[in-house]
Every structure is written in structure tokens, then in C-alpha cells.
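Protein chains: 2
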Amino acid sequence: MGQLPTILDVAAAAGVSRQTVSNVLNSPSLVRPETREKVEAAIAGLGYRPHASARRLRTQKSSTIGIRLDPLSADGISGSILDRFLHSLTEQADRKDLRVMVFTAADSNDEIRQFKRLSEGADVDAFILTATFHGDPRTQWLIEHGEPFVTFGRPWGTDDISDPEHLWVDVDGRHGIREATIHLLGTGARRIAYIGWHSPSGTGDDRRRGWQQAMEESSGLRPEEIAALHAPTEDGATFGAEALLHLEKTAGNIEAVVCASDALALGAFMHSAGRIPVIGYDNTPVASSIGFSSIEQPIDDVAGGMLELLTGAHGGRVQPGQEVAEPTHQLLQPHLVLRTPRVQALTVRSN
Amino acid sequence: MGQLPTILDVAAAAGVSRQTVSNVLNSPSLVRPETREKVEAAIAGLGYRPHASARRLRTQKSSTIGIRLDPLSADGISGSILDRFLHSLTEQADRKDLRVMVFTAADSNDEIRQFKRLSEGADVDAFILTATFHGDPRTQWLIEHGEPFVTFGRPWGTDDISDPEHLWVDVDGRHGIREATIHLLGTGARRIAYIGWHSPSGTGDDRRRGWQQAMEESSGLRPEEIAALHAPTEDGATFGAEALLHLEKTAGNIEAVVCASDALALGAFMHSAGRIPVIGYDNTPVASSIGFSSIEQPIDDVAGGMLELLTGAHGGRVQPGQEVAEPTHQLLQPHLVLRTPRVQALTVRSN
DNA sequence: GGACCAAATTTGATCGTTCAAATTGATCGT
DNA sequence: ACGATCAATTTGAACGATCAAATTTGGTCC
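As they're listed, the protein sequences go chains X and G.
Numbers 39 to 389, taken from the working numbering, label the letters of the first sequence in order.
Numbers 39 to 389, taken from the working numbering, label the letters of the second sequence in order.
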């Protein structure tokens, strides 16, 4: 390991002072090009890297963002999506010289306790929140304590979307589901069912509206008929299968299904034995393995957008009562990934 | 936000000196119980938390472990397993007052570059490695540079398992597959196929041996017959389906299948239409949704074991030529999760 | 009561960096 | 030629904690 070189070693090697080296790193414009080169050569020669903790102590900034690992979120981004998101976030953060620290929490209150720990210890100086919900206590706490943060998910219900209290990036689920439904209508299907989550659910209700709009506009069915094609349930493959079974009994013939998640879609697909088109949401590995269509969220753009908001003019905080030049949120569009099923017959056990 | 209290504020409030407060936190035994209580009251009253960066600067320890996010590892722990592992690791690290920092890397060399960045910047002071392979350059680099680390995975091939050059925790895949095979033999099946990965692959070869042993001991088949039931391929559902199709053509009737991964098992299960028992590896969500048996790795124990080794006497490093009292590795046993299929018929398209 | 020793507590120095103020050296206007 | 101005660089101080050494406290023994 040896002793790591410090800024003083670099200064000595380059024949300048500490501060000049510091300036080369942080405010290059202050340094004469000639000296800058000398210093840069010394830095490279010694393999010097600034000591993160020393810098943090002095600047009171950690250049680290915190994100909770939420493995089993029923709502919003589930499992493998969070995984992809975390990966993309970390990769892009790295390019901006930001580090990512993860933590776990049992519930929202526990998460707030972690916010406290991590911000007070100066471990992180901004937070990334996923799966926001109506009346979220976490955003409230962060705003009150002046901690910078960005959410993946709109501030459902609490405030105006166009004039938000905080920064957010979200995916327009309604639009995605609407496009998917329109695609199915374009193939000739009319009796298109929607299997989603129980209300109230910000994400869930929004997605359902996409299906509802498309159906009302172009299916030619009466409102009661459309309503009869809607089955709210819990998230999960078995629930998806049961919901479709239920719909077939109560609403009769179903020509296609749009689902609020891939888990539900898997169930519906299994139950329908691949005979009718099923469209899921999130384009998880299951969808591609089994081979059903799914709506893909632009995860990279979400992560990139969040970092942009965090490092941009706002610095993760919306200054109250101040003119805002840059946008404070982004609503991104998902896109439909079409697949033809790899399986022909598939039926759920009768048990 | 206000100004956070420092150790000096606590000292003043408790009527003692800096160092006494520091001792209450780090070496309570040095402090008289009476004073300790006073200080603890002051800490609680002010809501003081030590400034992580200041402590790190002084102690030259970050109390942070780094782990690479590897989203698409074909070998070893794949996708959702890494997710579960990361979650478990973070949760257990938290209890030991350790933080977890994540990073991404395109390949091993890139990962080594990250090791450098993070250790030189004193961002992390130990690494967690997953999916080790034969002649892994990463472990070599870490050993050479004296960076503490633990691997999830044995040092395949490089050195002696019972006298390792570094700390590791692994799951006994051979034993797991062996038990799974024995279970199938117990149900009366004899012609049990094995679908795994191409050789050489540390993990893959080890798992295959488990099947081979069980077959040689108890199937009653001749060695050539057993060999004919083995199909090595790439990881993935389609490869699994193709492998089983191939085996049916070349080896004839197959009564059950054991696979090196759930992805392969999914393919085999789809191809066999759920008619014969299929056992996968990793017990991913796909296995539970679709409903096939799978071998579950004790992820929590793996994470816990790795942290134990890291924080134990070794401090993540095996001192060369020194007597070692504590064990330097752990080999854990997986267990079989049995399921009855939820689907009855399922066939792969002929394309 | 004073000498001695261990336990408890305090003080001085330091980790590596950046901020703020001070210094140097060159250019310029009058 | 002389101070004023400005760019480039240096020096002193501080961030908040811990280590190492010094000091005080308190008890025991003769």
C-alpha cells in the first residue's frame, strides 16, 4: 500500500504551493497555463488523488448521493427495474464524480431515520427517492430539513404538477398504456381488458386512465362495457391469472389484456395460454424470456434526468419564492416493446 | 438545517473535554460510569452524531465497503440474486455501522481502476467481490496492493481451498445439485438430465459434478449413459429449451431435468410443457411465479459471513505466514425448494 | 502526611484539504 | 517614477474528529 501522496507531495514535486495544486483541481482558470501543466504532470507522475474525506470535512459536501434499496416494492418500480435504475444511476453519477451510497429501510419512518443518520454524518448530501406516494412523509421531512433530493415519481396529489414543491422525474405511464391499448385496437381487438392495482394508487390510477381514455375514444364500446373490462387486484402473477379468470366469467369474451405490471401480465399470459395478446409493464426479463409484449421505461433517461436536476441550478432544492429558469421536473415517455409469444399452450392448474 | 452540533458542543454541555466525549463513543471502558452518563445525556439532548468525514480523515478508515453492481453476469449470481445479496449485505452492514458504496465497471480491468479510485480517495476501505473466476486478476491486484476484501465465490483453481490466499464465502453448489438429483432419484426417476454451462467454469463444473456423483452412485446407469444425459450450453431460457430438445433427440427419453440456473430451467420447463420435473438454481421470482423447484442459496448467511470475515480478526486480509485462529472462509449449504407446477401444458414454438 | 501508582481526564498536535486574506510581481495611467 | 490596479501565487486558519502525551484525581501504603 505504501503512503499515499498528499497535496503537499504534489506541491513539492511541482515546485509550487498547496493552494496552487488545489486550484489546478478546483479552479483551473485561476492558474497560469504553464504552471497548470507542471502541476498536472506532477499529479500524474505521483498518481495523486485528493483524499475524499479531507475534502468533505473542509467543504462540508460529500459528493455522495444516497438511495434506499427497496427490494419488494409492490407499487411502482419493482425488483429488477430498481436494479436497472440503480445501475444506470451509479454509472452516470460516476461520470459526474459523484458516488452512490445505498441503504435499507423497513418503512418510510425508518427511511427518514436513515436520512437523518446519513445527512448528519455528512455521509451523503443528496437523496434519490423512488416510488413516491400520496402524502409521502419522506418528501415532507426532506423539504423541512432542507436536504436536497429528487424523486422518481410525481408528487401524487400533494401539489401542482406544473409548479412542484420539489424536483422530480417520472415516466408517463398513462401515455404508455394508452399507446399500448391503441396498438391493440389497431390490430382489430375491441374487448381489451385492463388488469391493474386497487385504487387509490398514484401510479396505478394513472396507468388505468391511459387504457380508459383509449377505450373511450376508439373501442366503440359503451362506458359500462368498458368498466366491466377492468379488474383491480394485488400485484403478482397468481393475482393476474385470477383476475383474468374472473373477467372471463363476468365480462365474457376477452380479446386482449393490458396490465399494470409484468407480474400481472405473466399471470394473465399463463392463464390465457398465450392465445390472446398480453401487454405488461416494465419489460422485465420475464417478459423477454416468456415472450410477451411490455412497456419499457426509459430508465437511463430517468437516472440522467434526476442527476441533471440534482447537479443543475437548483442543486436538488427548489428555492421558495424565487424565479426558476430551469425546469424543475421531467415527464418522460415510455415505449412499447412488441413480442410474439414463444409458447403456444399454457394453462393454469385448476386448484 | 441549522448548525450541527460538534463534539465540542457536547463537551461543553456535559462539562467535560473533547476527548472524554470521544472516549465515551469509542472506548467507553476508559470513562467513569458517572461521567459517561452525563455525556450520553448531552449527546442525546443535542442530537449529536459524529461527523463521518472528520473521523475518517483522522483515523484513515472510511467504514465503508465497496461493491460492484454487475447487472448481467452470465455466470454465478445473476440479476435478482445480486439484488437480494446487495440488500442483505447493506442491511447487515448497517447494524455494524458500516456503509455500502456501489460502483459499476465494464470489465475486470475497469473494476480494478475503480478499486484504485475508491481506495486512493479513501472512499472505501474494503471491497466485496462477486462471481470470482479462474485466474481472476481482481483478487491478484487487491492482494498485491494490500486492500482488504472478501469474495463471494471460491478462488477457483488458483490456490488451495483449505489454505486460501484470501477470505471467501461460497455456497456448496455441488452439494445442492447432488441433493436435488438424489431427491429426483428418490421419486423413481432414473434418466435425469443435467443442463449446465460450458466448461471450464468454476461454478458450473462444480455444480455438474454434484449431479454426476449422485447419478454414478444411485442411478444404476452406465457411465456412457450418464454422460449422454449431459448438455452444456449458454445461459438463458432459449438455450435451456434447445438443450432439452437436443437431449431428447440424442439420448431419448428424459424423466427429469436438473439445471445450473433458473434461466435454463425455465427454458427446459417450457419445452417439456411442465410434464417432467425440472429443478433450477437460485430460486428466482420466475421459479416461484411459474412454479418449478429450485435450489435456494442462503444469501443472508453469505452476506453475514462475508461481513464477519471482514470485521473479524483478519480485517479482510490474510496475514501471510501467520498463525490463523479464526477460519478464513465459509462454505455454506443451499437447500432445495420444492414446488408443484402451476401450469399444465406449455410448448415452445417450432420456429 | 508524603510518596507512589493507577485510573480518569485534559491538552497539544495532526489527518489532508479548501477558504480567506496576504503577498508578490508586472502593467498602467498621470 | 510612483502609487494604483490586477493577475498569480503563497501563507495562516479552519473543518471535526482521534492519537499520544501530559496532567489531574483518588486511593493505598508505610
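Where a beta carbon is used, it is the ideal one built from N, C-alpha and C, also for glycine.
Predicted, not measured: the structure shown is a model, and the values here were computed from it.
Whole angstroms is fine: what's the gap from G:Ser126's alpha carbon to G:Ser91's? Cα atoms of G:Ser126 and G:Ser91: separation of roughly 25 Å, rounded to the nearest angstrom.
* Asked: If you draw a straight line from the C-alpha of G:Pro365 to the C-alpha of G:Pro379, how long is it?
  -> So the alpha carbons of these two residues sit roughly 41 Å apart.
### Query
Taking the Cβ atom as the reference point for each residue, do G:Leu84 and G:Val48 lie within a distance shorter than 8 Å?
Taking C-beta atoms as the reference points, G:Leu84 and G:Val48 count as a pair closer than 8 Å.
Original post:
For X:Trp235, which residues does DSSP report across the bridge?
Top reply: Within the DSSP secondary-structure output, X:Trp235 pairs in a beta bridge with X:Thr271.
request  = Quick one: measure Cβ to Cβ for G:Ile292 and G:Ile314, integer angstroms, because I've assumed they're closer than 8 Å.
outcome  = The beta-carbon separation of G:Ile292 and G:Ile314, rounded to 7 Å, stays under the 8 Å limit for a contact.
If you follow the beta strand (DSSP E) that G:Ser332 is in, where does it begin and where does it stop? Unbroken beta strand (DSSP E) run through G:Ser332: 331-334.
>> What would DSSP say about G:Asn147, mapped onto helix, strand or coil?
In response: Of the three classes helix, strand and coil, the one that applies to G:Asn147 here is helix, per DSSP.
Exercise. What do you reckon, are the CB atoms on X:Ile230 and X:Ser257 nearer than 8 Å?
Worked result: Yes, they are a contact pair.
key: Sequence-distant residues of the same chain with beta carbon closer than 8 Å to X:Leu46, five excluded per side   = Excluding residues within five positions, the ones whose Cβ falls inside 8 Å are Arg56.
| said: With H, G and I counted as helix, E and B as strand and the rest as coil, what does DSSP make of X:Arg87? | reply: Of the three classes helix, strand and coil, the one that applies to X:Arg87 here is coil, per DSSP.
Does the separation of the CB atoms of G:Thr142 and G:Leu167 fall below 8 Å? Cβ distance not < 8 Å, so G:Thr142 and G:Leu167 don't count as in contact.
Query raised in the report: Between which two residues does the alpha helix (DSSP H) harbouring G:Asp174 extend?
Result: Segment: none, G:Asp174 is in no alpha helix (DSSP H) and carries neither H nor E.
Original post:
What span of residues does the beta strand (DSSP E) with G:Ala341 cover, start to end?
Top reply: Going by DSSP, G:Ala341 is part of no beta strand (DSSP E) but of the alpha helix (DSSP H) stretching over 337-349.
Extent of the continuous alpha helix (DSSP H) run through G:Arg70: G:Arg70 -> no alpha helix (DSSP H), and no H or E assigned at all.
Query raised in the report: Going along chain X in order, which residues have a C-beta closer than 8 Å to the C-beta of G:Met139?
Result: Going along chain X in sequence order, the residues near G:Met139 (Cβ under 8 Å) are Thr102, Arg137, Val138, Met139, Val140.
- Are the C-beta of G:Pro336 and some C-beta of chain X separated by less than 8 Å? Not an interface residue.
Span of the beta strand (DSSP E) holding G:Thr322?
Counted as a single uninterrupted DSSP element, the stretch harbouring G:Thr322 is not any beta strand (DSSP E), since DSSP gives it neither H nor E.
Q) Do you know offhand how far X:Arg133's Cα is from G:His309's? A) Roughly 44 Å separates the two Cα atoms.
So who's on the other strand from X:Trp206, going by DSSP bridges? Note: X:Trp206 sits in a beta bridge opposite X:Thr189, X:His367.
### Task
Report buried or exposed for G:Gln335, applying the criterion of at least 16 other Cβ atoms within 10 angstroms of its Cβ.
Buried, because 16 or more other Cβ atoms sit within 10 Å of the Cβ of G:Gln335.
Please classify G:Arg137: does DSSP put it in a helix, a strand, or coil?
Reduced to three states, the DSSP call for G:Arg137 is strand.
message = When you compare the CB of G:Asp163 with every CB in chain X, is at least one pair closer than 8 Å?
response = No, because no Cβ of chain X sits closer than 8 Å to the Cβ of G:Asp163.
| Out of curiosity, what's the CA-to-CA distance linking X:Leu345 and X:Asp208? | The C-alpha of X:Leu345 lies about 13 Å from the C-alpha of X:Asp208.
Output yes or no for whether 8 Å exceeds the beta carbon distance between G:Gly226 and G:Ala275. Cβ distance not < 8 Å, so G:Gly226 and G:Ala275 don't count as in contact.
* Asked: Buried or exposed: which applies to X:Asp135, given that a residue is buried once 16 or more other Cβ atoms fall within 10 Å of its Cβ?
  -> Exposed.
query: Quick one: is G:His89 buried, meaning 16 or more other Cβ sit within 10 Å of its Cβ, or exposed?
result: Looking at its Cβ environment, which holds 16 or more other Cβ atoms inside 10 Å, G:His89 is buried.
Of all the options X:Glu263, X:Ser237, X:Gly214, which has the alpha carbon lying nearest to the alpha carbon of X:Trp249? Cα-wise, what sits closest to X:Trp249 is X:Gly214.
- prompt: In the region 308-327 of chain G, which residues sit with their C-beta less than 7 Å from some C-beta in chain X, listed in chain order?
  reply: Flagged, chain order: Met308, Pro323, Val324, Ser327.
Can the beta-carbon of G:Arg137 be found closer than 8 Å to that of G:Thr102? Contact: yes.
Identify the residues that DSSP records as bridge partners of G:Leu127: which are they? Under DSSP, no beta-bridge partner is assigned to G:Leu127.
Are there any heavy atoms of the ligand FMN lying less than 7 Å away from the beta-carbon of X:Arg212, as far as the coordinates show? Here there are no bound small molecules, and the ligand FMN is not part of this structure.
- Would you report the Cα separation of X:Pro66 and X:Gln152, rounded to the nearest angstrom? Distance between the alpha carbons of X:Pro66 and X:Gln152: 37 Å.
Report task. Rounded to whole angstroms, what's the CA-CA distance from G:Gln371 to G:Gly312? Just pull it up for me. Result -> Answer to the nearest angstrom: the Cα atoms are 28 Å apart.
- Item | Proximal chain G residues relative to X:Leu42, where beta-carbon distance stays under 7 Å | Listed along chain G are Glu158, each with a C-beta nearer than 7 Å to that of X:Leu42.
_X:Glu158 beta carbon less than 8 Å from that of G:Leu42_ = Going by beta carbons, G:Leu42 and X:Glu158 fall inside the 8 Å limit.
* To do: Helix, strand or coil for X:Ala164, going by three-state DSSP, please let me know.
  => X:Ala164 falls in the strand class under three-state DSSP.
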